[in-house]
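Chemist: Sharing a structure here in structure tokens format.
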Amino acid sequence: MKEIKKILEEMRDEILRDIDERRLREHASHDEVGDDYDKASQERERELDIIITAQEKNKLQAIEDALRRIEEGTYGICDECGEKIPKQRLKALPFATLCVSCKSAKETEEGIFTPFEEIEEDSFQEITEETASEEEEE
Numbered sequence: 617m618k619e620i621k622k623i624l625e626e627m628r629d630e631i632l633r634d635i636d637e638r639r640l641r642e643h644a645s646h647d648e649v650g651d652d653y654d655k656a657s658q659e660r661e662r663e664l665d666i667i668i669t670a671q672e673k674n675k676l677q678a679i680e681d682a683l684r685r686i687e688e689g690t691y692g693i694c695d696e697c698g699e700k701i702p703k704q705r706l707k708a709l710p711f712a713t714l715c716v717s718c719k720s721a722k723e724t725e726e727g728i729f730t731p732f733e734e735i736e737e738d739s740f741q742e743i744t745e746e747t748a749s750e751e752e753e754e
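Now the structure itself:
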């Protein structure tokens, strides 16, 4: 559990650093003078930053919730079925609240896949495949 808590804390710190860096760049760009093309480019970059920051805020909230669950002793338990979430899934997606079966059922039912989970799910698939290969070799 200490390993996962450390991973979550590092993820949280990285997101907070990224957000701070964007704010500093945003503040610096207000001081710059340029032509209409520069202003349009800055505006587009600002819009993309807002989208990315919203996704990061969602991920940050999920990380904070996972850290809270660790403290409460409820971490690693599926919110839907109450079963333990496999360690491989938690290593790939440390803020997961659903086991693979329940997550799959939810996605099928709702047709929703959040952007930050999509990246983490790819990592989970890779880790699961690596684990399966290692187990076959043993």
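In our numbering, each residue carries its 1-based index in the sequence shown increased by 616. In this text, a Cβ means the ideal position worked out from N, Cα and C, and glycines have one as well.
Compare the Cα-Cα distances from P710 to each of E699, E672, I679 and N674 and report the closest residue.
Modeler: If we check each option's Cα against that of P710, I679 comes out closest.
Chemist: Classify C697 as buried or exposed, calling it buried when 16 or more other Cβ atoms lie within 10 Å of its own Cβ.
Modeler: Counting Cβ neighbours within 10 Å, C697 comes out exposed, since fewer than 16 surround it.
Chemist: Name the residue from R662, C715, E726 and T690 whose alpha carbon lies nearest to the alpha carbon of E637.
Modeler: The shortest Cα separation from E637 among R662, C715, E726 and T690 belongs to R662.
Chemist: Can the beta-carbon of I631 be found closer than 7 Å to that of L676?
Modeler: Closer than 7 Å, so yes.
Chemist: Taking the beta carbon of L624 as the centre, do at least 16 other beta carbons fall within 10 Å, making it buried, or is it exposed?
Modeler: L624 should be labelled buried.
Chemist: How is E626 classed by DSSP in three states: helix, strand or coil?
Modeler: Of the three classes helix, strand and coil, the one that applies to E626 here is helix, per DSSP.
Chemist: What is the DSSP secondary structure of I701, reduced to helix, strand or coil?
Modeler: Looking at I701 - three-state DSSP - the assignment turns out to be coil, as it is neither helix nor strand.
Chemist: Using only alpha-carbon positions, find the residue among R628, Q658, M627 and D629 that is nearest to R641.
Modeler: For the residues R628, Q658, M627 and D629, the minimum Cα distance to R641 belongs to Q658.
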